[in-house]
Every structure is written in structure tokens, then in C-alpha cells.
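Peer 1: This note's numbering applies: residue 144 is where the sequence shown begins, and numbers increase by one.
First, the structure itself, so that you have it in front of you.
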Amino acid sequence: MEQGGAGRWSDAELHGALARVFGYTAFRPHQIEIVKGVLGGHDSLSIMPTGGGKSLCFQLPSHLMDGVCVVISPLISLMKDQVDAACANGLRAAALNSSLSPGEHRAVREALASGELDLLYISPERLSAPGFWEALALWPVSFFAVDEAHCISQWGHDFRPDYLALSGLVERFPQCPVAAFTATATDAVKKDVHDVLGLHDPFEITTGFDRPNLYFGVIRTSDQFTRLEEYLDRNRGKSGIIYTMTRKTADKLHDRLTVDGFPNAVYHAGLSEKARAENQDDFISDRRQLMVATNAFGMGIDKPDISFIVHYNMPLSMEGYYQEAGRAGRDGGAAECILFYSPADIRTAKFLIENAADDADAPPEEREAAKKRKYEKLADMIKYCESDDCLRSYILRYFGEEPEKKECGNCSVCDGDYEKVDVTRIVRAVYLAVYATGERFGASFITDFLHGDDTERMIRGGYSEMSGFAILSDIPPGKIRDVIERLIDLDYLKRLSADYPILTLTDEFDAFFHDKRAAVMKMRAEKKKTTVLQRNVPPRVPEGAGSETYEKLRSWRRDAAERRGIPAYSIMTDSTMRLVAAEKPADIRELSMIRGMSFEVAKRYGRDILGILGTGRKTR
């Protein structure tokens, strides 16, 4: 078996292969370095953001090298999509997993033995099957690609014990390089990846965590559902994922959106395996453009034309948030990552941390250490939601990268949705109101009291006659309520419980009040008429894309994908399809030169596409 050798391939030849197989004329940053490293037979660890183009880094070498690249992929349910997408680009790919029939399983093994595969996808569980290591040694393996490598480490945010089956991979196959990929990796995680895999003098590449095409927005609201439907109404026809914190919320949201005319699929661990597979397929195949899901819908989702990610609730960690947000805009087009933030999310998050089932069997000291780490991650997440500095800068600094600019111009802070507001008067009035009413009421009552609303309860109890009543009559009730919720977030006020939302003062608030300090909070800018939900999103493709032609192509693509049983995006992504509609190529050669259009796809579907465009100039 020949081990490729980076020196055999010039940059021009690698660019030619890139254009031929994937339809791109240029590599993304550091992709060519990783490809050359694999071709040169070197072990590697590549830290690339979600959507950074890691699949290409092992798929292209697999096309150029003798033998088969074995890809360790985390979820069996996702392998089919990855295999279909690779085959659509002319690569010879297959998967070995428990979903195959005995005949299909035998056919894959025969293709392996005869050298007819470029890529073999397997799950880490497969490596633990009796005799699999021995069988693998008989096949012409060129190199290994370990996807989602952070799953190896207990310090990773998504630890998978079955990944430990990869221990000693290099020892067993010393002639085969190992290329490990992850979107997030701390020093502790990187050490575990090196040690568990047994990597030999690996080169490490961090491509940078920034995704310039993604817009980041944090929307502080206690009425997520109304704001969500406003957003979805403005983004009809686009593909998006809506993440929720719990299964119950996902089910409820799925039902409400369906009733209100927003067809969607739902995905969480409480559904049967069959239901999850069907719903995922509906989303991947564009039969449903919206997916409502918990974080169970995660690793390996490789649908490139997702236009937006909405977090209906605040995630528990920045690592989880950024990985989920990074599933938008993988085709390079402009996309949005919107996070709805409510104080109730913090209470739910704390409840989930306190009742985490995954730590139940651990020793008490380990449980406490794990809980402490989770609370630290939650605190970082809250800081992000409360940040009055550039959100992109916060993300990059969190992952150890210094941003080039203080303001990115492409987040809800930088575009002016928020501003710093002196709320000292409101804060002091809230303190006095809670104190004067004997710490017996919740936020709604205190808001009504300060605004001067003559409710029956207010009059009957004599509160409308008290000092402080209507002292903030000139302030909108919503703003008063926002300040109260912020004070709860900051632990200046405490709610007794969810069932009894009575507000009580804390020692911190008492000290703040008596020190007579000023209070400045980040609030939504009142002078700004356009919110993140109404902003004009930059077009994902050039202006000229004819919508009628695009819709015809989209309808044809969906039908063609259904007939072949493959994801619609594996034929062409939305952004490529819009370029086709805009540029109207006259023949298959011109079609194959469209960005993102591989020669294999142009050859297979060219006549159909040209027929829809009404061009169809004959080629020699």
C-alpha cells in the first residue's frame, strides 16, 4: 500500500482535485495544510469550528491515496447522510453499522477487501465488536479520521465512554496516520486525545474559532414564543433549528408551532429511535424546514444550508452553545444565531445541574467537582447573555483567541440593539418598594405599585396610599420589570420559589442601596427602531438570483433527492442553487464551474438543471 506523500502533490494539483471533487476553487484557511499533513503520513489534531470544513480535510486525501480512510463517526443515524454526500461528489463511501442487513454488511466487507472504497464510516462501538480489530487489519487502511475527538476526554463537554475503544489506535496500526478533529478543545482535552489515541509526534492546527458569516444576537424577553413566531414569520422558506432546554418544552413548542402554521419536526431523546430517524430525515430532506430539538440533535448534523439557529432557552455552556450555533451557515452564506434569554432559564439550568442523572453513580467528591464545573460554565453563559461588549469578541476570548477588532459590526451589541442605561433611580425605587410592602409580593405587583396602576388589589390593600406608589409613573412598566429581573439575575433579589414568586431583599442589595452606588445596566436601545428580529440580513448569494427559477430548482432537487433516497443538499446546497439560478450556465461545463458544484453532480444532473433554466446549449 502506498502512503500518498505530500511531496507527490503540488498545490496546483491539490486545487485541481478540490475543484473536480467538491466544486471549490480555493481552500478555507489551513485546510490545505491539514490535507498535506495527512498525505505526508503525519498524525494530527485539528481544532476547527463547527462548519469549518473538516470533512473535506479527510475526504480529499481519501480520494488521492491508495486504500481506504476509516472514519470514526459518533452517531450511526448520521452516517447515511455523510456517506450519501460523499458519494454524490463521486467518492466511493460506505458505512458499517448495526442498521445494515446481513447482505448489505457482506457487500461492504467485499468492497473493502477488493479495494473499492475510499471512505468507510464506523461508530466507536463497532471497534469493540469481537474480531473487528483483526478484520480491520486485513483491509487496505490508508489512514484514520476521528471525528468529534473531544468525546474521548472526560474533560470534554460531550464525553462518550465508547470512544475509549480507540485507545492504542496508533499501536495497532503504526503505518496508518491518525487525523483527529474537534470543534472545541481545552489543554486538558487535547492531552487526553493525544494520550488515548496514542498519537505520535502530531502536528496541531487551530484554524481559528471565528465564523464571520454568522450573526450573533441575544434577545432578552420573557415572551419567547411571541418573539419566535415573529422571527419565523420573517424567515419563511428558510431552513432552521430551534433548540430548547428540555424535552417538555420541545414537545410543547412543536405542537404550538404546528397549530400556528409553522410545519416542523421534533427531536429529543424521549422519542423512539424510529421517530427520531424519521424526523431527522424529514429535516435533512427538506420535507420539514424547521427542527425543534434538544441538544440530543447535535453531533454530526451536516446540513450545509441552515439559515438560522434559534436557542429558545439559554444553553448550559458556551461550548455547547457555540457548537449548536455553528450548525448554521455551513455553506458560507450569511446566517443568524439568535438566543432568547429569560431569567427563568437560569432557574431551570440550576435545577438541571442539581438533578443531573449522569453524575448519580459517581463518588460524592466527583459529583461535587462536576457540579462546580457546570456552575462555572453556566456563569460564563450568563455573562455572555448579559454582555454589553461585542458578542463575537466574547466568544473568541472564551476559546482563547484574541479578536482582531473590538467591535465586529455583526452582533446585536455592535449593531446597536443594546445600550448602557443608568437605572439608579429605578433600582432604588424597587428596593424601597419591596422593603415598604414587607417583602410579601412578586415582580408583577411591585411593577404595578411603582408605575401607579390602580388595581383592585392595590386599592383594597391600601397600597395606593403608601409613599412610593406611582413614583415611576413616567417609566414604561416593561422597563421596570426588566430591571427587576436583572436584579434577580444578579442575586440582589431572591424569589422564594417558582410556586411562590415572592421577592425578598439580599444582603448584597442592602449593601448596594446603603452605599448609594450608581446602577448601569445593558438595556434594549429605545431609540432603535429595528431590532434583531427585523434586521435586513445580507443576502446569502448575489442579488440577481431569480426567485421563480430558484423555486423550480428547489422543487426538482427535492423530488430528485427523494427518488435516490439521499439528502437534498448532497445534490447542491441552497447557496449553490441560487448561484445557478442567477448565473444561468449555458452548458454542463459552465454548470460545473459554479461554486460548490462538483463535476460529478454537474454530469449526473446537468440536463435536468439546464432544462429548468431554459438554456441547454449542446456541448461537444
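Heads up, the beta-carbon is just placed ideally off N, CA and C, and yes, glycines get one too.
What three-state label does DSSP hand glycine 441 in the structure shown?
Peer 2: Coil at glycine 441, not helix or strand.
Peer 1: If you check the beta carbons only, do glutamate 743 and glycine 233 fall under 8 Å apart?
Peer 2: Yes; because the gap between Cβ atoms is below 8 Å, this pair is in contact.
Peer 1: Are at least three pairs of beta-carbons, each pair with one atom in the region 722-734 and one in the region 690-700, less than 8 Å apart?
Peer 2: Verdict: yes, contact present.
Peer 1: The alpha helix (DSSP H) with threonine 692 in it runs from where to where?
Peer 2: Element bounds for threonine 692: 690-707.
Peer 1: List the residues that DSSP assigns as beta-bridge partners of leucine 239.
Peer 2: Answer is Ile265.
Peer 1: Flag this pair as touching only if the region 339-347 and the region 186-193 have three or more C-beta atom pairs under 8 Å; answer yes or no.
Peer 2: With a cut-off of 8 Å, the region 186-193 and the region 339-347 count as touching, because enough Cβ pairs lie within range.
Peer 1: Smallest Cα separation from proline 315: which of Gln367, Phe286, Arg473?
Peer 2: As written in the sequence, residue 315 is arginine, which differs from the proline given in the question. Closest by alpha carbon: Phe286.
Peer 1: Measuring alpha carbon to alpha carbon, tell me which residue in Ala231, Arg738, Gly552 is nearest tyrosine 765.
Peer 2: The structure shown does not extend to residue 765, since the chain is modelled only from 144 to 763, so the question has no answer here.
Peer 1: Who are the Cβ neighbours of lysine 746 in its own chain at under 8 Å, not counting the five residues just before and after it?
Peer 2: So the qualifying residues of the chain are Ile731, Ser735.
Peer 1: Count the other CB atoms within 10 Å of the CB of glycine 621; is the residue buried (16 or more) or exposed (fewer)?
Peer 2: Exposed: under 16 other Cβ atoms inside 10 Å.
Peer 1: Relative to the alpha-carbon of alanine 292, which residue among Leu199, Ser310, Arg603 has its alpha-carbon at the smallest distance?
Peer 2: Out of Leu199, Ser310, Arg603, Ser310 has the C-alpha closest to the C-alpha of alanine 292.
Peer 1: Please classify phenylalanine 819 as buried or exposed, where buried requires at least 16 neighbouring CB atoms within 10 angstroms.
Peer 2: As shown, the chain starts at 144 and ends at 763. That puts residue 819 outside it, with no answer to give.
Peer 1: Name the residue from Thr329, Asp717, Ala572, Glu529 whose alpha carbon lies nearest to the alpha carbon of lysine 765.
Peer 2: Absent from the structure is residue 765, since the part of the chain shown begins at 144 and ends at 763.
Peer 1: Are there three or more Cβ pairs, one per stretch, closer than 8 Å when the region 392-400 is compared with the region 568-585?
Peer 2: Short answer: they don't touch.
Peer 1: Spell out the partners DSSP gives glycine 360 in its beta bridges.
Peer 2: Answer by DSSP bridge pairing, in chain order: Ile481.
Peer 1: Grouping DSSP H, G and I as helix and E and B as strand, with all else coil, what is alanine 288?
Peer 2: Three-state DSSP puts alanine 288 in a strand.
Peer 1: Is it buried or exposed, arginine 249, if we count other Cβ atoms within 10 angstroms and call 16 or more buried?
Peer 2: Arginine 249 comes out exposed.
Peer 1: Could you check whether the Cβ of aspartate 565 sits closer than 8 Å to any Cβ belonging to chain B?
Peer 2: Going by chain labels, chain B is absent from the structure shown, which holds only one protein chain.
Peer 1: Is lysine 381 closer than 8 Å to phenylalanine 302 when the C-beta atoms are compared?
Peer 2: The answer is no: Cβ separation not under 8 Å.
Peer 1: Where do the N-terminal and C-terminal ends of the alpha helix (DSSP H) with leucine 646 fall, by residue?
Peer 2: It is not in any alpha helix (DSSP H) - leucine 646 instead sits in the beta strand (DSSP E) that spans 646-648.
Peer 1: Using the C-alpha atoms, what's the distance from threonine 437 back to serine 257?
Peer 2: Those two C-alpha atoms are separated by around 42 Å.
Peer 1: Three-state secondary structure (DSSP) at valine 680?
Peer 2: Reliability fails at valine 680, whose pLDDT of 45 lies under 50, so the model's placement of it is uncertain and the value that follows must be treated cautiously. Coil, per DSSP.
Peer 1: Only counting runs of 4 or more residues, tell me where the alpha helix (DSSP H) segments fall wholly within the region 162-200, in order along the chain.
Peer 2: Those alpha helix (DSSP H) runs which fall completely within the region 162-200 and span 4+ residues are 174-182.
Peer 1: At the level of alpha carbons, what is the spacing between serine 713 and phenylalanine 655?
Peer 2: In a straight line, the C-alpha of serine 713 is about 58 Å away from that of phenylalanine 655.
Peer 1: Going by C-alpha distance, which of Glu545, Glu156, Tyr484 is nearest glutamine 367?
Peer 2: Checking every option, the nearest Cα to that of glutamine 367 belongs to Tyr484.
Peer 1: Note down, in chain order, each residue of its chain lying with its Cβ closer than 6 Å to the Cβ of glutamine 432, except the 5 sequence neighbours on either side.
Peer 2: Hits under 6 Å: Ser382.
Peer 1: With distances taken between CB atoms, is the gap from histidine 178 to cysteine 200 smaller than 8 Å?
Peer 2: The question names histidine, yet the displayed sequence has valine at residue 178. In contact: valine 178 and cysteine 200 (Cβ atoms closer than 8 Å).
Peer 1: With a 10 Å radius around its C-beta and 16 neighbouring C-beta atoms as the bar for buried, classify proline 447 as buried or exposed.
Peer 2: Under this definition proline 447 is a buried residue.
Peer 1: Quick check on this structure: which residue in Gln202, Ser205, Asp224, Asp154 has the alpha carbon closest to the alpha carbon of arginine 707?
Peer 2: Among Gln202, Ser205, Asp224, Asp154, the Cα nearest to that of arginine 707 is on Asp224.
Peer 1: In angstroms, rounded to a whole number, what distance separates the CA positions of alanine 228 and tyrosine 465?
Peer 2: Near 24 Å, if we compare the C-alpha coordinates of tyrosine 465 and alanine 228.
Peer 1: Do leucine 161 and valine 211 come within 8 Å of each other at the CB atom, strictly closer than that value?
Peer 2: Contact flag unset, no.
Peer 1: Do leucine 521 and isoleucine 496 have their C-beta atoms closer together than 8 Å?
Peer 2: Yes, these two residues count as a Cβ contact at 8 Å.
Peer 1: Would you kindly work out how many angstroms separate the C-alpha atoms of glycine 585 and threonine 387, rounded to a whole number?
Peer 2: Cα to Cα, glycine 585 sits roughly 26 Å from threonine 387.
Peer 1: So, is valine 213 buried or exposed, given that buried needs 16 or more other C-beta atoms within 10 angstroms?
Peer 2: Valine 213 comes out buried.
Peer 1: Taking the straight line between their C-alpha atoms, what separation do you get for arginine 700 and valine 663?
Peer 2: Rounded to the nearest angstrom, the two C-alpha atoms are 53 Å apart.
Peer 1: Measuring only the C-alpha atoms, how far is leucine 753 from alanine 729?
Peer 2: Straight-line Cα distance between these residues: approximately 7 Å.
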